[in-house]
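Have a look at the structure below before the remarks.
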Amino acid sequence: MTTAIIGTGGIGSAIARRLASGGEALRLTSADHVSARKLAAEIGRDAVVAVDDRDALQGAGAVVLALRFPVLKGVIDEIAEPLTDKLVVVPSNPVGIDAQGNIERLLPEGRSSGEVVAGWLPAGAQLAMAFGTMSAGLLESSSNRSPEPAVLFYAADGDRAGEEVERLIRTAGFEPVKVGGIEQSRRLEVGGDLHDLVVGPAEARSLIGAA
Ligand SMILES: NC(=O)c1ccc[n+]([C@@H]2O[C@H](COP(=O)([O-])OP(=O)(O)OC[C@H]3O[C@@H](n4cnc5c(N)ncnc54)[C@H](OP(=O)(O)O)[C@@H]3O)[C@@H](O)[C@H]2O)c1
């Protein structure tokens, strides 16, 4: 199956490598295409570079928007119409760097990134907040762990988004565990209790129940 990855920086390139290692075909794009071309050359024949963000969606059933939070809305507006029947996976954390170099949250307390992104998407798009709980390095080093697989938590509303993102998470070499609906995505973000964790399925399920 084919997945588009818009944004091939730190996390987008790690997700692309993991998905390609599981046999997913990829359509890649980035702002100036340099990082997308480099990544496609590294991955080989399973990855092609799209002409632009909209072209990346051609023939793809899912799209990963691996973009910094302030860029997300503009890209979603640009590609809104072809998103209507697709799984939209968002790993973005709502954080930036302030003038002193410290991490700052870009949303008011109490608002999760998932709820905000859901409000930007067209009707029919299937949103899953996923692949943003680990650093790119941890994502690469924790995939296909044995004997016990590592978990990737996700948040999604509805069965279709859940089934489709679970397929991608397994393709990337992880066991999927749902934290809840999109409103629960705050737990996955920077500062959330499920962020930056590498745990197996039993521990993951007990952590979910513990909150
Ligand atoms: N890096 C991590 O370890 C990590 C882990 C978990 C979650 N996250 C979250 O993931 C998000 C992305 O982080 P990152 O570290 O991957 O950022 P990044 O390294 O800056 O990558 C951002 C990517 O977005 C691309 N881009 C920007 N504008 C675009 C546009 N209009 N169309 C297409 N592509 C565009 C950039 O293209 P160019 O390459 O051409 O500049 C770049 O490839 C953030 O919200 C972050 O919090 C990151």
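Okay, so the sequence shown: first residue is 830 according to the numbering used here, each after it adds one.
C-beta atoms are modelled at their ideal positions from N, C-alpha and C, and glycine is treated no differently.
Everything numeric in this text was worked out from a predicted model, so none of it was measured.
Distance between residue j and residue i (C-alpha atoms, nearest Å)
i: Pro937; j: Arg874; result: 43 angstroms
i: Thr962; j: Arg940; result: 17 angstroms
i: Met830; j: Leu896; result: 22 angstroms
i: Ile1037; j: Pro976; result: 22 angstroms
i: Pro978; j: Ala1001; result: 11 angstroms
i: Gly953; j: Val918; result: 14 angstroms
i: Leu968; j: Gly851; result: 14 angstroms
i: Ile835; j: Arg846; result: 14 angstroms
i: Asp1025; j: Gly987; result: 25 angstroms
i: Gly1009; j: Asp884; result: 32 angstroms
i: Asn973; j: Val924; result: 29 angstroms
i: Ala870; j: Asp882; result: 19 angstroms
i: Leu855; j: Ile844; result: 11 angstroms
i: Glu853; j: Ala928; result: 40 angstroms
Close beta carbons around residue i, own chain, < 7 angstroms, minus the five adjacent residues each side
i: Val980; result: Phe1003, Glu1004, Val1006, Val1028, Gly1029, Pro1030 and Ala1033
i: Pro911; result: Arg883 and Leu886
Proximal residues to residue i (C-beta, below 6 angstroms), its chain only, five neighbours per side dropped
i: Ser842; result: Leu868
i: Glu995; result: Pro1005
i: Asn922; result: Gly961, Glu1018 and Val1019
i: Ser1035; result: none
Collapsed DSSP secondary structure at residue i in the structure displayed
i: Arg874; result: coil
i: Thr831; result: strand
i: Gln929; result: coil
i: Met977; result: The sequence given here has Glu at residue 977, not Met. Of the three classes helix, strand and coil, the one that applies to Glu977 here is coil, per DSSP.
i: Glu1004; result: strand
i: Ala1031; result: helix
i: Ala954; result: coil
i: Ala959; result: strand
i: Ala947; result: helix
i: Val900; result: helix
i: Gly888; result: coil
i: Ala965; result: helix
i: Val1019; result: coil
i: Ala939; result: Before going on, a small fix: residue 939 reads as Gly here, not Ala. Note: Gly939 maps to coil in three-state DSSP.
i: Leu894; result: strand
i: Val994; result: helix
Anticipated Cβ contact below 8 angstroms, residue i with residue j, distance rounded
i: Ala849; j: Thr858; result: The pair is not a contact, with the Cβ atoms about 15 angstroms apart (cut-off 8 angstroms).
i: Pro920; j: Ala959; result: 7 angstroms
i: Ala909; j: Ala957; result: The Cβ separation is near 18 angstroms, so there is no contact.
i: Ser1014; j: Ala1039; result: Contact doesn't hold; Cβ gap of about 18 angstroms is too wide.
i: Ala965; j: Ile840; result: 5 angstroms
i: Thr837; j: Leu997; result: Incorrect: roughly 16 angstroms between the Cβ atoms, too far for contact.
i: Ser942; j: Phe898; result: 7 angstroms
Close-in-space but distant-in-sequence residues of the same chain around residue i (CB under 8 angstroms, 5 per side omitted)
i: Ile926; result: Ile932 and Glu933
i: Lys915; result: Leu886, Ala889, Gly890, Ala891, Val892, Ala954 and Gln955
i: Asp906; result: Trp949
>> Can you confirm whether the segment 947 to 955 touches the segment 897 to 912 when touching is taken to mean that 3 or more C-beta pairs between the two stretches lie within less than 8 angstroms?
In response: yes
>> For the structure I just gave you, are there three or more beta carbon pairs, one from the segment 1006 to 1024 and one from the segment 928 to 942, closer than 8 angstroms?
In response: yes
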